[in-house]
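Structure first, then comments.
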Amino acid sequence: MAGKARIAHLAGPTATIQNTPPLVTSNKARRRHGLPLLTGTDGTALPYDALRGQRLAAPAKVYVEQFSAHPLEADAAGLYGPPDGYIGADGAFRTERDSPDDKPVYEIEMLPEDGLYPLPYMARQADGRAWEEECATPGAPDEEARQGFYPDGSRSFEEIDRLMVDDYGIASAISALADVDFYRGVPPGGYRSGLAETERPDVGDGDIPAERRGEDFFPYKPYHLTAPPPRPTLAKATNDMQTLVSDDAYDGVIWTQGSPDVEDSAYWFNLLIDTDKPICGVAAQRPQGQISNDGPANIVDCVRYIASGVWADAEGRDRCGAVVIQEQQIFAAREVAKVDARPGGYVATGGHGGIIGQVHYTGRFMLTYLPVYRHTSGSEVNLSRLPSATTAVRAGADGGIERFDIAVKDANGNLLADAIPVVSIEKNGCYAGLEIGDDPALEQDLAASVEHKLSLGRLAGFVIEGLVPYGLNTSAARHSVLLRATACGIPVARVGREPTGRRRPGSSTPRSRGRAPGAHRAPPPAHRRAGLNGFPRAILAALAVPEAGRRRRARRDRPPGRRFARSSPFPARSRSRRPSTALAISLPCRFSRHVPTRASRADFPPLPFLEIPTPPRKSQNRFHGPVQHFRVPVSEPRQCRPSTEKFPFRTSALKKA
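Numbering (my numbering), first residue to last: 20 to 676.
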């Protein structure tokens, strides 16, 4: 890339990478005002104050002792030129040495326009007390709490440029490579008193009005005032990201967010954003300025990645899709998950790659793998290809189920907040049933969730994270409740859970028996089929469009013995021979090869039970075990029976219903 890169930074919520440790009053200030000193475990005053980046109000001259930057500088004194002058015992500066005891010094003129300088923190509270934490007192309300998060990325980028050095001992690691503009997408910090337009460090028009925690900005600390981002902020971040990548002024975008959540947003952008430019998700385990904080290096690596052009194909288009860059590794957004709380802690899920490349300590990039999944401009579910409206179900006034059209995008093509489906992740461990017999009447929480989703008048769905490899729910009672949900038209995605997507070579499974060790397919990784990254996948399913790179094959093209595989259009990778019963009942969607059911609960007489047999489990192309029936209670008057007319998959499971 010739010249400097032009990069946009979009601030995301709960971003540790844009957070700092609390500003604590220094001992220098405490001594001046007679306040209790910060002490060690032995009760003695701490010998050093924390130095925090601050701006000078006026020019100042300081004299720095020669050979004090490194303990071995004086060892090579013969290689150095003369100092600027000397400081005598009287504290006066002279250009010539008057006494052997005079100290050789360098004279430094510090100016306000230089930027931040690391200095002791001298501030106190309004009542004269020292600051000990972010709140005036422990557990103080919002109006008595300070913020540790930055309102945009400008300050954290400036601190990296100004106060930190690269491997060659040079500062300005970011500005040497790129010019960065800052945008407050879904920021982790906000201006509770507002801000004048002339003082804004970000790109934007007009004054910033007074902002509120949990509405305009979304931090996670002080912990008793944590404010996670709600569902509508995902639509705003999506629209903001699409606007930035569509701007010809920028070569790429950096997105910062909390380390447990950046994988979800990056995966979402990878599918929803229509662009040929790189999108880098980045996070940190430790706040800015803390010992061994990892954020600055991650940010610089993102800048280097975009500026390097290594992501571009022969036509200059992004070939990697959205990525997450952490600890000198470049992860494909689709296959990254944070699995540990320690720094780094990210792995590639699925067992099929996922790490696109690495960053050499010199800043050189090496790509080792390119994703073949559809992404960004090639995604079949990006904003350009999403329908303007789709079909959903809701509870009707007559007690039945009715279909209705719901808008997905506005007239300008922006994603609507109300179009993001309400998706619940149902996950149970072993011994989940409350009583012997697994009575569905005991599962009132899940039944209430089904009723609640039907009452919302919005897109909604469930993800069942069940057993590997079939995605079976560990509770027959809860499974029955979800069968009823599908009969009412609520999409349910059933997936298997497994952390890495790998199985021990040669292990005996219905798919590996009779094959050479390691010849079987790896089961689906839980991090992609359910859990956090199951969330955007289920949302796309509820939006009723095929997911990128996972278009269903026609049934006639499937080989023998796979008649039950992928009976659902939902984008799960599980290809087990055990059918997804819950998904083969009712799907209010517009998937290719799928025709919406024409029936609602009002079209059928009341039934005491909806009895649905599970299709047989197959092993070695033989039926294994008897056909089982589940009795699904359907409370009156909300009873239904799904139509089997023009269903594109097997309907034998419904014939007895």
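Using N, Cα and C, we set each Cβ at its ideal position, and we do this for glycine too.
Identity of the residues DSSP links to residue i by a beta bridge
i      : result
Glu445 : Ile483
Leu214 : Ile227
Arg116 : Looking at the DSSP assignment, Arg116 forms no beta bridge with any residue, so it has no partner.
Ala79  : Met129
Arg25  : Asp198
Cys154 : Ala164
Tyr136 : Gln73
Arg513 : Ile483
Ala356 : Val366
Ile374 : Phe350
Ile344 : Ile349
Phe236 : Arg232
Rounded C-alpha distance that separates residue i from residue j
i      : j      : result
Gly382 : Gly508 : 52 Å
Arg556 : Glu354 : Its pLDDT being 49, under 50, Arg556 is placed unreliably in this model, and the coordinates cannot settle the point.
Gly553 : Val482 : A caution first: Gly553 carries a pLDDT of 43, below 50, which makes its placement in the model unreliable, though a value can still be read off. If I take the Cα positions, the gap works out to 7 Å.
Asp61  : His52  : 23 Å
Asp270 : Phe236 : 27 Å
Glu92  : Ser194 : 29 Å
Gln73  : Glu163 : 23 Å
Pro131 : Lys80  : 12 Å
Pro543 : Gly22  : With a pLDDT of 41 at Pro543, under the threshold of 50, the predicted position of this residue should be treated as unreliable, though the coordinate-derived value follows. Distance between the alpha carbons of Pro543 and Gly22 is about 44 Å.
Leu29  : Asp146 : 38 Å
Ile455 : Ser494 : 11 Å
Tyr136 : Asp180 : 12 Å
Pro160 : Ala430 : 41 Å
Pro66  : Arg361 : 30 Å
Asp267 : Val319 : 22 Å
Val614 : Leu263 : Any reading at Val614 must be qualified, since the residue scores a pLDDT of 32, below 50, and its modelled position is unreliable; the value itself is stated next. Each residue's alpha carbon lies about 37 Å from the other.
Ser403 : Phe288 : 13 Å
Thr245 : Gly209 : 13 Å
Asp120 : Pro90  : 20 Å
Leu3   : Asn492 : Look at the range of the chain in this structure, 20 to 676, and you will see that residue 3 is not part of it.
Tyr388 : Ala326 : 19 Å
CB contact flag (residue i, residue j, <8 Å)
i      : j      : result
Ile420 : Thr275 : no
Gly480 : Arg413 : no
Gly376 : Phe384 : yes
Arg25  : Ala192 : no
Ala351 : Gly340 : yes
Ala254 : Ser284 : no
Pro102 : Tyr125 : yes
Asn686 : Asn258 : In the structure as shown, the chain begins at 20 and stops at 676. Residue 686 is therefore absent and cannot be evaluated.
Glu399 : Ile444 : no
Leu461 : Val427 : no
Gly34  : Gly277 : According to the sequence provided, residue 34 is Ala. The question's Gly does not apply to it. Yes. Within cutoff.
Pro247 : Lys357 : no
Thr410 : Arg422 : yes
Tyr324 : Ile349 : yes
Val343 : Val281 : yes
Pro306 : Trp330 : no
Asp295 : Asp359 : no
Ala436 : Arg203 : no
Residue i: first and last residue of the uninterrupted beta strand (DSSP E) it sits in
i      : result
Trp3   : Because the chain here runs from 20 to 676, residue 3 falls outside it and cannot be looked at.
Phe350 : Gln348 to Ala351
Ile298 : Ile298 to Val301
Thr410 : Ala408 to Ala414
Phe384 : Phe384 to Leu386
Nearest-angstrom Cβ-Cβ length linking residue i and residue j, presumed shorter than 8 Å
i      : j      : result
Val469 : Val500 : 7 Å
Thr114 : Gly104 : 5 Å
Gly44  : Arg143 : The sequence shown places Thr at residue 44, not Gly. About 6 Å separates the two Cβ atoms, so the contact holds.
Phe201 : Pro220 : 6 Å
Pro41  : Glu178 : Not quite, the Cβ-Cβ distance comes to about 16 Å (not below 8 Å), so this is no contact.
Ala438 : Arg497 : Incorrect: roughly 28 Å between the Cβ atoms, too far for contact.
Phe168 : Pro241 : Not a contact, Cβ separation roughly 11 Å.
Lys122 : Glu84  : 6 Å
Ala149 : Arg49  : 6 Å
Ser407 : Asp293 : 15 Å between Cβ atoms; not a contact.
Val184 : Ala190 : 5 Å
Residue i - containing alpha helix (DSSP H), residue span
i      : result
Glu421 : Segment Ile420 to Ala426 is the beta strand (DSSP E) holding Glu421; no alpha helix (DSSP H) there.
Phe288 : Val281 to Leu291
Val264 : Arg250 to Val264
Phe176 : Ser173 to Leu182
Gln463 : Gln463 to Leu475
Leu502 : Ala495 to Ala506
Gly328 : Run containing Gly328: none; DSSP gives neither H nor E here.
Pro148 : It should be pointed out that residue 148 corresponds to Arg in this sequence rather than to Pro. Arg148 -> no alpha helix (DSSP H), and no H or E assigned at all.
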